[in-house]
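J.: Here it is, the structure, as structure tokens.
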Amino acid sequence: MFARFSLWHALLVCLLAVASLNAAEPNVLNAKEQVSYTKGLQTLKTDAADGRLIELNLGEQWQYNTLVSHLKLRGKTPANAPQLFRFLKAERVRALKAGEIFGYKTAYVTKSEEDAPQPMHLVEAAFTHDNETAFNASASYPTGTTYTYLDVAYTSSDPNETDVPAMVEEFGGGTDVVAAGTFQPTAESAAKADTVRSINSWSISARDLNGNGSIEENEYLNVTFLSRPLLNFGGLFGLNVDEPVDHTNDGQISICMNRTWTNDCDVNLTGSPNALKVPLKGSYRTPPGYLIDPTGVDAKSKTADPQDFVKLQLTQHGGACEPQYNFSMTDFWNKVSISADRRTISWDYTGANAVDFARGCRQVQDRVEFHVNLRVPVTRFGSPEYLPIFMTTRNLKFITWNFAQLAPMKITNSCLAAGTLIQLNDGSEVAVEDITAGDLVFNEYRKKQAAPVVDTAVGFEDKPMVRIESESGRALMMTDLHPVVTVKNGVTLARDLQVGDAVPTIDGVEKLTSVTRVAYDGNVYNLKLAQRPGKNLASDNTVYANGFMVGDGTMQAHYEKLDRQRSGNILERIPAAWHDDYRNSQR
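The sequence shown lines up with residues -23 to -1, 1 to 564 when you count with mature numbering (1 follows the signal peptide of the UniProt record, and there is no 0).
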């Protein structure tokens, strides 16, 4: 009875405390709040010192108070973000009712969940060079969020250095959120050897489907905190990246899953139908005075360093995948090579040993972010320390000294069944598998100009295909994301076609009489036409396949991207309860 009374008493106290916040002024803490916040933040930084991500438990009073004070300092109060604070209160009520009043949250991940993209919160960069500091953080959540808050800040033990924060809020997004900033300390401050500097980052993700002030099934609120020590570094002496790179010189790294284009695949996965593998190969040579520390490398091969990571982020779907199956960060350090002079460390994870990511990341994505962060154990004058290596596809133009900028990366696929007849410019028809680069394909929108084929793809499909049939009896089988031209709705993905849709054919407009899913055991093919600058993809990049007007590989990539983008006004994508929060955030 006493325990029950204590729990509800704590709940009542917390609700009263939340109510009293409504009169709070943003950006200013009173003396009591400042003392409590300073103590709470220091506890979080200490507990995150080993590089781990902390997920706050709002059922514990000091964690809740620290978060509320932090938001207040960043200008967020119940007055200008009413639904955010209602949702924070709802999470606190849920935690108290569940008896979660001590310690941080513990995420229990099942094996099935491990195979799917996981929430991501990273400090991607935290380095100082030539007396200038650059820092950034990113967050990504599977299938997106109602609301995402992300900040990153430079903090210093020197009272003469003020915190320098960067903050971003996103409503109805949450799959690729980035906050970044720079700071240049004074010469006097930079000269203080005992100054402790770090980069802290907070992230709040809320999925509030109903907006009714409570947390129901399929809804959540997560609050995470990261702290990274600031590393002073005089410049990379020699970071060499051999993989992944843009081998085809088309400006991007293309990962081809079940099929490969002859001219633009940089990573070919057709031999690994159930895997998503990315090669990782390179080397790093230390600056003079630094030697690779074999003892430190050996320690990392036995115990994982939370600040080492390799992640593949899905920017359209949201979330990120980490290496699984045949690769771990301890494996990485166990297999690196150290040169005889202890100045160069190298790694080679290619071919069968490529980094193997969770199966759930095998998704077509117009853009993925590939992040590699390593702390190389070194000695300097006999003392152990670490030098950072950072490789990313993220465009971090504000940093030019301590990382390798990789080319943009995407995951692709394609799609027509073997035997599909493609009409050529001379009126003849050729099976899609027999089309080669240079063939001239018929396209009525190009008038007298033929449409030259510039690339072809071949592979397989492990999912049921879409089969359509028209009133004249012509039929076509294709993958579900292949674009088909319709009279009413324009370009439509095959999976969205319906019986009765009117479609252009080589003999005129016909209605579809059948749209079904069928199992398929055979190769699939696609082709790309030469693009004409400024021309409409919906017409200029079409071919006749079994008499139906469909898109080529370029059009497919374009409409796959549109399909993954969230459409509509932001206010239409979030519950009405969040509208005031959004409007206030724009002021």
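Quick reminder that beta carbons are idealized off the backbone N, C-alpha and C, glycines included. The model shown is predicted, which means the values in this text are computed figures rather than measured ones.
Would the beta-carbon of A183 fall within 8 Å of that of F304?
T.: The count along the sequence shown starts at 1 and reaches residue 183 at position 206. The count along the sequence shown starts at 1 and reaches residue 304 at position 327. Not a contact, by the Cβ cut-off of 8 Å.
J.: Please state the DSSP three-state secondary structure of S544.
T.: What you label residue 544 is simply residue 567 of the sequence shown in a count that begins at 1. With a pLDDT of only 48 at S544, under 50, the local geometry of the prediction cannot be trusted, and the value read off the model is given with reservation. Note: S544 maps to coil in three-state DSSP.
J.: Under a three-way DSSP split, which group does E487 fall into?
T.: Within the sequence shown, residue 487 is the residue found at index 510, counting from 1. DSSP places E487 in strand when its eight states are reduced to three.
J.: For F112 and T15, what's the separation of their Cα atoms in angstroms?
T.: As a working note, residue 112 is residue 135 in the sequence shown. As a working note, residue 15 is residue 38 in the sequence shown. Roughly 22 Å separates the two Cα atoms.
J.: Return the chain-ordered list of same chain residues with a C-beta closer than 8 Å to the C-beta of V332, the five sequence neighbours on each side being excluded.
T.: Within the sequence shown, numbered from 1, the residue matching residue 332 stands at position 355. So the qualifying residues of the chain are K254, V255, P256, L257, V287, P300, F304, Y326.
J.: What residue does the beta strand (DSSP E) around N561 start on, and which one ends it?
T.: The count along the sequence shown starts at 1 and reaches residue 561 at position 584. Segment 556 to 562 is the alpha helix (DSSP H) holding N561; no beta strand (DSSP E) there.
J.: Give the range of the beta strand (DSSP E) segment to which Y14 is assigned.
T.: Position 37 of the sequence shown, counted from the start, is the residue given in the question as residue 14. Not the beta strand (DSSP E): Y14 falls in the alpha helix (DSSP H), residues 8 to 24.
J.: Enumerate, from N- to C-terminal direction, the unbroken beta strand (DSSP E) stretches of 3 or more residues contained entirely within the stretch 37 to 107.
T.: Counting whole runs of 3 or more residues, the stretch 37 to 107 contains the beta strand (DSSP E) stretches 97 to 106.
J.: With distances taken Cα to Cα, identify the nearest neighbour of Y422 among D432, L393, P481, S314.
T.: On the sequence shown, residue 422 is found 445 positions in, with the first residue counted as 1. Closest option to Y422, Cα to Cα, is P481.
J.: Determine the DSSP secondary structure at R550, reduced to helix, strand or coil.
T.: As a position in the sequence shown, residue 550 is number 573, starting the count at 1. Three-state DSSP puts R550 in a helix.
J.: Our contact map puts A72 next to H98 with C-beta atoms below 8 Å; I'd like the distance itself, whole angstroms only.
T.: For the purposes of this step, residue 72 is taken as the residue at position 95 of the sequence shown. For the purposes of this step, residue 98 is taken as the residue at position 121 of the sequence shown. Not confirmed; about 20 Å, so no contact.
J.: I need the DSSP call for K465, collapsed to helix, strand or coil.
T.: As a first step, residue 465 is located in the sequence shown; it is residue number 488 there, counting from the start. Coil at K465, not helix or strand.
J.: Compute the beta-carbon to beta-carbon distance between G36 and N4, rounded to the nearest angstrom, for a pair I have assumed lies under 8 Å.
T.: As a first step, residue 36 is located in the sequence shown; it is residue number 59 there, counting from the start. As a first step, residue 4 is located in the sequence shown; it is residue number 27 there, counting from the start. G36 to N4, Cβ: 27 Å. No contact.
J.: Could you give the distance in angstroms between the alpha-carbon of A143 and the alpha-carbon of L291?
T.: Along the sequence shown, read from residue 1 onward, the residue named residue 143 stands at position 166. Along the sequence shown, read from residue 1 onward, the residue named residue 291 stands at position 314. Distance between the alpha carbons of A143 and L291: 23 Å.
J.: Pull up the DSSP beta-bridge partners for N503, would you.
T.: The count along the sequence shown starts at 1 and reaches residue 503 at position 526. Note: N503 sits in a beta bridge opposite A434.
J.: Starting from T456, trace the alpha helix (DSSP H) both ways and give me its first and last residue.
T.: Along the sequence shown, read from residue 1 onward, the residue named residue 456 stands at position 479. Here T456 belongs to no alpha helix (DSSP H), and DSSP marks it neither H nor E.
J.: Compute the distance between the beta-carbons of P354 and R29, then report whether it is under 8 Å.
T.: On the sequence shown, position 377 is the one that residue 354 refers to. On the sequence shown, position 52 is the one that residue 29 refers to. Against a cut-off of 8 Å, the Cβ pair of R29 and P354 comes out as no contact.
J.: Hey, how far is the Cα of M306 from the Cα of S278?
T.: As a first step, residue 306 is located in the sequence shown; it is residue number 329 there, counting from the start. As a first step, residue 278 is located in the sequence shown; it is residue number 301 there, counting from the start. Computed Cα separation, rounded: 8 Å.
J.: Over what stretch of residues does the alpha helix (DSSP H) that includes T307 continue unbroken?
T.: Here the question's residue 307 lines up with position 330 in the sequence shown. Its alpha helix (DSSP H) spans residues 306 to 311.
J.: So, helix, strand or coil for N372, using DSSP?
T.: The residue labelled residue 372 in the question sits at position 395 within the sequence shown. The answer is coil: DSSP assigns N372 none of H, G, I, E or B.
J.: Within the continuous alpha helix (DSSP H) that includes G273, where are the two ends?
T.: Against the sequence shown, residue 273 aligns to sequence position 296. Note, G273: alpha helix (DSSP H), 271 to 279.
J.: Does the contact criterion of 3 or more C-beta pairs under 8 Å hold for the stretch 386 to 395 versus the stretch 408 to 418?
T.: Contact holds: three or more Cβ-Cβ distances are below 8 Å.
J.: On the criterion of 16 or more Cβ atoms from any shown chain inside 10 Å, does L504 qualify as buried, or is it exposed?
T.: The sequence position of residue 504 within the sequence shown is 527, counting from 1. Answer is buried; the Cβ neighbour count reaches 16.
J.: Q342: buried (16+ other C-beta within 10 angstroms of its C-beta) or exposed?
T.: By 1-based counting over the sequence shown, the position of residue 342 is 365. Under this definition Q342 is a buried residue.
J.: In whole angstroms, give me the CA-to-CA distance for V155 and G296.
T.: Numbered from its first residue, the sequence shown carries residue 155 at position 178. Numbered from its first residue, the sequence shown carries residue 296 at position 319. Near 13 Å, if we compare the C-alpha coordinates of G296 and V155.
J.: Can you tell me whether DSSP reads C338 as helix, strand or coil?
T.: Residue mapping note: residue 338 aligns to position 361 of the sequence shown, counting from 1. Three-state DSSP puts C338 in a helix.
J.: With DSSP run on the structure shown, which of helix, strand or coil describes R29?
T.: As a first step, residue 29 must be located in the sequence shown, where it is residue number 52. Correct three-state label for R29: coil.
J.: Confirm the yes/no value for this check: CB of V476, any heavy atom of the ligand GTP, distance under 7 Å.
T.: In the structure shown, the ligand GTP is absent, as is every other ligand, since no ligand is present at all.
J.: With which residues is L216 paired in a DSSP beta bridge?
T.: For the purposes of this step, residue 216 is identified with residue 239 of the sequence shown, where counting begins at 1. The partner list for L216 (beta bridge, DSSP) reads Y261.
J.: Tell me whether V409 sits in a helix, a strand or coil according to DSSP, three-state version.
T.: Residue mapping note: residue 409 aligns to position 432 of the sequence shown, counting from 1. Looking at V409 - three-state DSSP - the assignment turns out to be helix.
J.: According to the Cβ coordinates, are I230 and D219 closer than 8 Å?
T.: The residue you call residue 230 lines up with position 253 of the sequence shown. The residue you call residue 219 lines up with position 242 of the sequence shown. No. Outside cutoff.
J.: Classify K22 as buried or exposed, calling it buried when 16 or more other Cβ atoms lie within 10 Å of its own Cβ.
T.: One-based indexing of the sequence shown puts residue 22 at position 45. So K22 ends up on the buried side.
J.: Less than 8 Å between the C-beta atoms of M526 and Y497, yes or no?
T.: Reading the sequence shown from its first residue, position 549 is the one you call residue 526. Reading the sequence shown from its first residue, position 520 is the one you call residue 497. No, they are not a contact pair.
J.: Less than 8 Å between the CB atoms is what I'm expecting for Y267 and I366, so what's the real figure, rounded?
T.: Within the sequence shown, residue 267 is the residue found at index 290, counting from 1. Within the sequence shown, residue 366 is the residue found at index 389, counting from 1. No, Y267 and I366 are not in contact; Cβ-Cβ is about 13 Å, not under 8 Å.
J.: Of the residues A554, T369, H459, which one's Cα is nearest the Cα of E101?
T.: Translated into positions along the sequence shown, residue 101 becomes position 124. The shortest C-alpha separation from E101 is found at T369.
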